[in-house]
Ligand SMILES: [Zn+2]
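Spelled out as structure tokens, the structure:
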């Protein structure tokens, strides 16, 4: 029996920062057995790029959402536009949405209102919803607990909350995704959280082009050109084919063989993102 394919629960292939590396990206992705990648838009200005990718590449599962970093600048009719995209793609997820008290100039009540509107949309149609959270885990839990939530549950991407909160989020329907980024030495708390999540709620992600893992976790055989710089700041970026590193890290952290992780993540991904 051959191994189950790979699933990236959260990334941004449409991000313009990846454009200079477009060819490397396509070549790298062609080398791995990737079944699906959830490509998240973060504001109305990038939703069409996500839509185009979804129409071109059957691996792309589109997600449309208003990220907390963009609530202050969103046009008045963003919710109508979001509804239009969700109607155009009946299988699309909602996201990336969430709460963030780390970013400068954040307006938490405004973020909460935008999140609430997106939760209501997702709940009404039982769509998957992908959530971002930085330094707002308490408020996020309260809001999710109050609902409404989709019957299928919700997804916390790049989970960085306390290990002690994992059980509470799981009890109200939470799925959790991690990348090999947690293998950075300073991310011990993230690894503690990884250790306590129920295995049937585990998803893996890259968050490409962000959250670059330390270089010793990258698969140089498959994605030898995996680290590439954007034209502007020269910041190293996370090649989406590095999803293989997330699987290797998950295997190391759970002690499960990678083939078993693949099978489990496939089941979880199907249950959360693909089944109605
Ligand atoms: Zn993201």
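Numbering (the UniProt record's numbering), first residue to last: 1 to 276. Glycine residues also receive a C-beta, built at the ideal position from the N, C-alpha and C atoms.
Proximity of residue i and residue j at Cβ, strictly below 9 Å
{"i": "residue 155", "j": "residue 179", "result": "no"}
{"i": "residue 15", "j": "residue 213", "result": "no"}
{"i": "residue 61", "j": "residue 97", "result": "no"}
{"i": "residue 277", "j": "residue 6", "result": "The requested residue 277 does not occur in the structure, where the chain is confined to residues 1 to 276."}
{"i": "residue 205", "j": "residue 157", "result": "yes"}
{"i": "residue 4", "j": "residue 38", "result": "no"}
{"i": "residue 211", "j": "residue 239", "result": "no"}
{"i": "residue 81", "j": "residue 47", "result": "yes"}
{"i": "residue 111", "j": "residue 100", "result": "yes"}
{"i": "residue 281", "j": "residue 139", "result": "Since the first residue of the chain shown is 1 and the last is 276, residue 281 is not available in this structure."}
{"i": "residue 147", "j": "residue 124", "result": "no"}
Cβ distance (whole Å) where residue i is taken to contact residue j below 8 Å
{"i": "residue 71", "j": "residue 114", "result": "5 Å"}
{"i": "residue 165", "j": "residue 137", "result": "6 Å"}
{"i": "residue 170", "j": "residue 150", "result": "Wrong, their Cβ atoms sit about 15 Å apart, outside the cutoff."}
Straight-line gap, residue i to residue j (C-alpha atoms, nearest Å)
{"i": "residue 135", "j": "residue 106", "result": "11 Å"}
{"i": "residue 181", "j": "residue 79", "result": "32 Å"}
{"i": "residue 8", "j": "residue 255", "result": "21 Å"}
{"i": "residue 275", "j": "residue 267", "result": "10 Å"}
{"i": "residue 273", "j": "residue 128", "result": "6 Å"}
{"i": "residue 263", "j": "residue 32", "result": "16 Å"}
{"i": "residue 203", "j": "residue 257", "result": "16 Å"}
{"i": "residue 253", "j": "residue 195", "result": "7 Å"}
{"i": "residue 133", "j": "residue 159", "result": "8 Å"}
{"i": "residue 265", "j": "residue 2", "result": "15 Å"}
{"i": "residue 76", "j": "residue 18", "result": "29 Å"}
{"i": "residue 11", "j": "residue 120", "result": "23 Å"}
{"i": "residue 246", "j": "residue 109", "result": "34 Å"}
{"i": "residue 216", "j": "residue 163", "result": "26 Å"}
{"i": "residue 57", "j": "residue 13", "result": "11 Å"}
{"i": "residue 95", "j": "residue 29", "result": "23 Å"}
Cutoff 9 Å: residue i Cβ touching any chain C Cβ
{"i": "residue 108", "result": "Going by chain labels, chain C is absent from the structure shown, which holds only one protein chain."}
Would you check if there are 3 or more beta carbon pairs closer than 8 Å linking the stretch 21-36 to the stretch 184-191?
Under the three-pair Cβ rule at 8 Å, the stretch 21-36 does not count as touching the stretch 184-191.
Please specify which runs of the alpha helix (DSSP H), each continuous and at least 4 residues long, are wholly inside the stretch 66-96, giving them in chain order.
Segments of the alpha helix (DSSP H) lying fully in the stretch 66-96: 78-88.
To test your reading of the DSSP string, which unbroken alpha helix (DSSP H) runs of 4 or more residues are found completely within the stretch 6-59?
Fully enclosed alpha helix (DSSP H) runs of 4 or longer: 22-30 and 44-56.
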